[in-house]
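J.:
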Amino acid sequence: MPVTLPDGPFEATWESLEYYTVPRWYLDAKFGIFIHWGVYSVPAFGNEWYPRNMYQQGSREFQHHVETYGPQSRFGYKDFIPRFTAERFDPAAWADLFCRAGARYVVPVAEHHDGFAMYDCSLSDWCAAKMGPRRDIVGELATAVREQGLVFGVSSHRAEHWWFFDGGMKFDSDVQDPRYAGLYGPAQPQGTQPDAEVLEDWLARTCELVDKYRPQVVWFDWWIEEPAFRPYLKRFAAYYYNRGAEWDLGVAINYKNDAYPPSTAVLDIERGQLSDIRAHFWQTDTSVSRNSWGYVVNQDYKTAASIIHDLADIVSKNGCLLLNIGPRPDGTIPEPEQDLLVEIGRWLEVNGEAIYGTRPWKVFGEGPTQVVAGAFSDTKREAFTDEDVRFTTRGTTLYAIVLGVPESRKVTVRSLSSLLTLYPGEIDEVALLGQPVPLQWSRDEKGLTVTLPSDLPCEHALVLKITRKRD
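Counting with our numbering, you get residues 1380 to 1850 for the letters of the sequence shown.
1) Would DSSP call N1730 helix, strand or coil?
2) So the candidates are Y1592, D1493, A1560; which of them puts its Cα closest to the Cα of W1626?
3) Going by alpha carbons, who is nearest to Y1802 out of E1824, P1817, E1786?
4) Ignoring anything shorter than 3 residues, give me the beta strand (DSSP E) runs that lie fully in the region 1667-1726, in order along the chain.
5) Within 10 angstroms of its Cβ, does P1470 collect 16 or more other Cβ (buried), or is it exposed?
6) Less than 8 Å between the C-beta atoms of E1745 and V1768, yes or no?
7) Look at Q1569 and W1601 and say whether their C-beta atoms are less than 8 Å apart.
8) Between the region 1617-1626 and the region 1734-1743, do at least 3 Cβ pairs fall closer than 8 Å?
9) What residue range does the alpha helix (DSSP H) around S1794 cover?
10) Does DSSP put K1591 in a helix, a strand or coil?
11) Y1398: buried (16+ other C-beta within 10 angstroms of its C-beta) or exposed?
12) For T1771, count neighbouring C-beta atoms within 10 Å of its own C-beta (all shown protein chains included) and say buried if the count is 16 or more, exposed if not.
13) Taking only the alpha-carbon atoms, compute the straight-line gap between G1748 and E1761 and give it to the nearest angstrom.
14) What residue does the beta strand (DSSP E) around T1776 start on, and which one ends it?
15) Run through the DSSP bridge pairs and tell me what I1648 is partnered with.
16) Out of Q1678, L1702, V1676, state which residue places its alpha-carbon closest to the alpha-carbon of I1687.
17) Taking C-beta to C-beta, are G1411 and R1483 nearer than 8 Å?
18) State the Cα-Cα distance for the pair T1776 and T1764, rounded to the nearest angstrom.
19) What would DSSP say about N1621, mapped onto helix, strand or coil?
20) Is the Cβ-Cβ distance between T1711 and R1467 less than 8 Å?
21) Thinking C-alpha only, which one of S1797, G1724, V1809 is nearest L1476?
22) Return helix, strand or coil for F1495, following the three-state DSSP convention.
23) Can you tell me whether V1413 is helix, strand or coil according to DSSP?
24) Taking Cβ positions, are L1384 and A1575 nearer each other than 8 Å?
25) Throw me the rounded Cβ distance for the H1536 and H1491 pair, which I believe falls under 8 Å.
26) Could you check which residue in D1551, F1660, Q1678, Y1674 has the C-alpha nearest to that of N1697?
27) May I have the straight-line CA-CA distance separating Y1619 from P1641, to the nearest angstrom?
28) Leaving out the 5 sequence neighbours to the left and right, which residues in its chain are closer than 7 Å to I1851 when beta-carbon positions are compared?
29) Buried or exposed for P1512, please, with buried defined as at least 16 other CB atoms from any protein chain shown within 10 angstroms of its CB.
30) List the residues that DSSP assigns as beta-bridge partners of Q1814.
31) Do the region 1512-1521 and the region 1549-1560 touch if we need at least three Cβ pairs shorter than 8 Å?
32) Between the alpha carbons of F1544 and G1494, how many angstroms are there, rounded?
33) Hey, out of L1811, L1799, A1521, whose CA is closest to V1790's CA?
34) What residue does the alpha helix (DSSP H) around I1632 start on, and which one ends it?
35) Straight-line CA distance for V1645 to V1485?
36) Would you mind reading off the limits of the beta strand (DSSP E) that contains R1847?
Here it is as structure tokens:
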């Protein structure tokens, strides 16, 4: 299906796309939910790359697959599709949970590397609307999410499909059966570049997602940075941004590494953060689990405290957090993941004033814990402590987010020392979010020292609200 650029303010050139601006809703949202759900949740082994690794000879997944299901020539990835039933999928209940978590936007995976679309795809029969659940998962979720007032987005990992099943071409497997080329093909070596037919198909599928579901975020995985995609990235951005202008909706593209110039889309850092404030708005995508994005039996879950601390750190540096969950094949969200989301939501209910709609301060924070910058680094550092503080602002109000609960019930914010010029004005009041009574405090050359009440309004992190004296 040839893609024609719609009329609008953008042309398919980097010079034109430099005029893009990140929508206000996105700058204010700060916290979203990512959802990795697909056929790969059926084997529930290893991680969401099971469909690739089950064809990689010598891998744990390969051995597990043969021992559990038989040889790949007789039972391939396609044979999991009838078991992907989604019979308990309740999009309204999902949307309600995301609201209780305090999320402001929701981004399900529309198509992962496995080539099985979770939406009603007109360009393939290998999709959830025509096989497995026989439901338009993305469409149903879009309706439910919007009914709750949340912003809806989608992710596309289609680019990597070029090589995802290449292991199945090296031994007797169903990947080589032409009857299943619509799912497994092209299965080319990873070191090669996709051809024009595949690239045009990638563009057509992604534009169809835009036109059918009007997502306000389109998230791309890393492989779009390959040279062959470069002209197509410009074409897609112009197509999508013009559609956004036509619909009067603020839209955004997420990209990894250097696939897009910084001013033309929103940088996304997978499982990682930044060490300082970035002038351009950015995003971290990470998961509630350390070992998998999709559902597996043995998840290694993070704690709510660690996620809340990362959220505060990211927001203080002009970013937002897209937090992933992995539902079961029947459409239920694992109870530990529900509990984590609700616990985060309880914290945000008290302290969201310091997160939503805020902007970075002059410095992001203070404290002993050093953040390792870059992707796949969020488990390479020590946990934050109650000596780590992160700052956000709203107008003339400053928020100091203490990443812990001090046993001494004393907090000293060194960045607010009377000797420093970071906060030159006089402080009028220091309050604790969730606590109606103003706090006792003093300010000297050591910093702002605050005495906390005996009864605290929340766990995990405390927020000091600092207001200036009026002139």
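A virtual CB, placed ideally from N, CA and C, is assigned to each residue, including glycine.
T.: The short version:
1) Here residue 1730 refers to the residue found at position 351 when the sequence shown is read from its first residue. Here N1730 sits in helix by DSSP.
2) What you label residue 1626 is simply residue 247 of the sequence shown in a count that begins at 1. Measuring from the Cα of W1626, the nearest candidate turns out to be Y1592.
3) On the sequence shown, position 423 is the one that residue 1802 refers to. When the alpha-carbon of Y1802 is set against those of E1824, P1817, E1786, the nearest one is in E1824.
4) Fully contained in the region 1667-1726 are the following beta strand (DSSP E) runs of length 3 or more, in chain order: 1698-1704.
5) Taking the sequence shown and counting its residues from 1, the one referred to as residue 1470 is at position 91. Classification of P1470: buried, given that the 10 Å Cβ count is 16 or more.
6) Here residue 1745 refers to the residue found at position 366 of the sequence shown. Here residue 1768 refers to the residue found at position 389 of the sequence shown. Yes. Within cutoff.
7) Mapped onto the sequence shown, residue 1569 falls at position 190. Mapped onto the sequence shown, residue 1601 falls at position 222. No, the Cβ-Cβ distance between Q1569 and W1601 is not below 8 Å.
8) Contact fails between the region 1617-1626 and the region 1734-1743, because fewer than three Cβ pairs, one in each stretch, are under 8 Å apart.
9) Here residue 1794 corresponds to residue number 415 of the sequence shown, with the count starting at 1. Element bounds for S1794: n/a, residue is neither H nor E.
10) Indexing the sequence shown from 1 puts residue 1591 at position 212. In the structure shown, K1591 sits in a helix (DSSP, three-state: H, G or I).
11) Residue 1398 sits at position 19 when you count from the first residue of the sequence shown. With a threshold of 16 other beta carbon atoms within 10 Å, Y1398 falls short and is exposed.
12) To locate residue 1771, count along the sequence shown from 1; it is residue 392. Classification for T1771: buried.
13) On the sequence shown, residue 1748 is found 369 positions in, with the first residue counted as 1. On the sequence shown, residue 1761 is found 382 positions in, with the first residue counted as 1. The identity of residue 1748 in the sequence shown is Thr, whereas the question assumes Gly. Looking at the two C-alpha atoms, the distance is approximately 7 Å.
14) Along the sequence shown, read from residue 1 onward, the residue named residue 1776 stands at position 397. In the DSSP assignment, T1776 falls within the beta strand (DSSP E) that extends over 1776-1781.
15) Mapped onto the sequence shown, residue 1648 falls at position 269. In the DSSP output, where bridge partners are listed per residue, I1648 has T1663.
16) Taking the first residue of the sequence shown as 1, we reach residue 1687 at position 308. Ranking the options by Cα distance to I1687, first place goes to L1702.
17) Counting from 1 along the sequence shown, the entry for residue 1411 is found at position 32. Counting from 1 along the sequence shown, the entry for residue 1483 is found at position 104. The beta carbons of G1411 and R1483 sit closer together than 8 Å.
18) Here the question's residue 1776 lines up with position 397 in the sequence shown. Here the question's residue 1764 lines up with position 385 in the sequence shown. Put simply, the backbone Cα of T1776 is about 24 Å away from that of T1764.
19) Indexing the sequence shown from 1 puts residue 1621 at position 242. Helix.
20) By 1-based counting over the sequence shown, the position of residue 1711 is 332. By 1-based counting over the sequence shown, the position of residue 1467 is 88. Yes, the pair counts as a contact, with Cβ atoms nearer than the cut-off.
21) Position 97 of the sequence shown, counted from the start, is the residue given in the question as residue 1476. Comparing C-alpha distances from L1476 to each of S1797, G1724, V1809 shows the shortest one belongs to G1724.
22) Here residue 1495 is taken as the residue at index 116 of the sequence shown, counted from 1. The answer is coil: DSSP assigns F1495 none of H, G, I, E or B.
23) Indexing the sequence shown from 1 puts residue 1413 at position 34. Just to set this straight, residue 1413 is Phe in the shown sequence, not Val. F1413 falls in the strand class under three-state DSSP.
24) Sequence index remark: in the sequence shown, residue 1384 carries index 5 (1-based). Sequence index remark: in the sequence shown, residue 1575 carries index 196 (1-based). Going by C-beta atoms, L1384 is not nearer than 8 Å to A1575.
25) Here the question's residue 1536 lines up with position 157 in the sequence shown. Here the question's residue 1491 lines up with position 112 in the sequence shown. Rounded, the Cβ-Cβ distance is 5 Å, consistent with contact.
26) Start at 1 with the first residue of the sequence shown, and residue 1697 comes out as number 318. Answer by Cα proximity: F1660.
27) Locating residue 1619 in the sequence shown gives position 240, counting from the first residue. Locating residue 1641 in the sequence shown gives position 262, counting from the first residue. Straight across, the Cα-Cα distance linking Y1619 with P1641 is about 17 Å.
28) The shown model of the chain, from 1380 to 1850, leaves out residue 1851, and the question about it has no answer.
29) Against the sequence shown, residue 1512 aligns to sequence position 133. With 16 or more other Cβ atoms within 10 Å, it is buried.
30) In the sequence shown, residue 1814 corresponds to position 435, counting from 1. Looking at the DSSP assignment, Q1814 forms a beta bridge with L1811.
31) The region 1512-1521 and the region 1549-1560 do not touch, with fewer than 3 CB-CB distances between them shorter than 8 Å.
32) Against the sequence shown, residue 1544 aligns to sequence position 165. Against the sequence shown, residue 1494 aligns to sequence position 115. About 10 Å.
33) As a working mapping, residue 1790 is identified with position 411 in the sequence shown. With distances taken between Cα atoms, V1790 lies closest to L1811.
34) Within the sequence shown, residue 1632 is the residue found at index 253, counting from 1. No alpha helix (DSSP H) holds I1632; the beta strand (DSSP E) holding it covers 1631-1634.
35) Counting from 1 along the sequence shown, the entry for residue 1645 is found at position 266. Counting from 1 along the sequence shown, the entry for residue 1485 is found at position 106. So the alpha carbons of these two residues sit roughly 16 Å apart.
36) Residue numbering aside, residue 1847 sits at position 468 when the sequence shown is read from its first letter. For R1847, the enclosing beta strand (DSSP E) covers residues 1841-1847.
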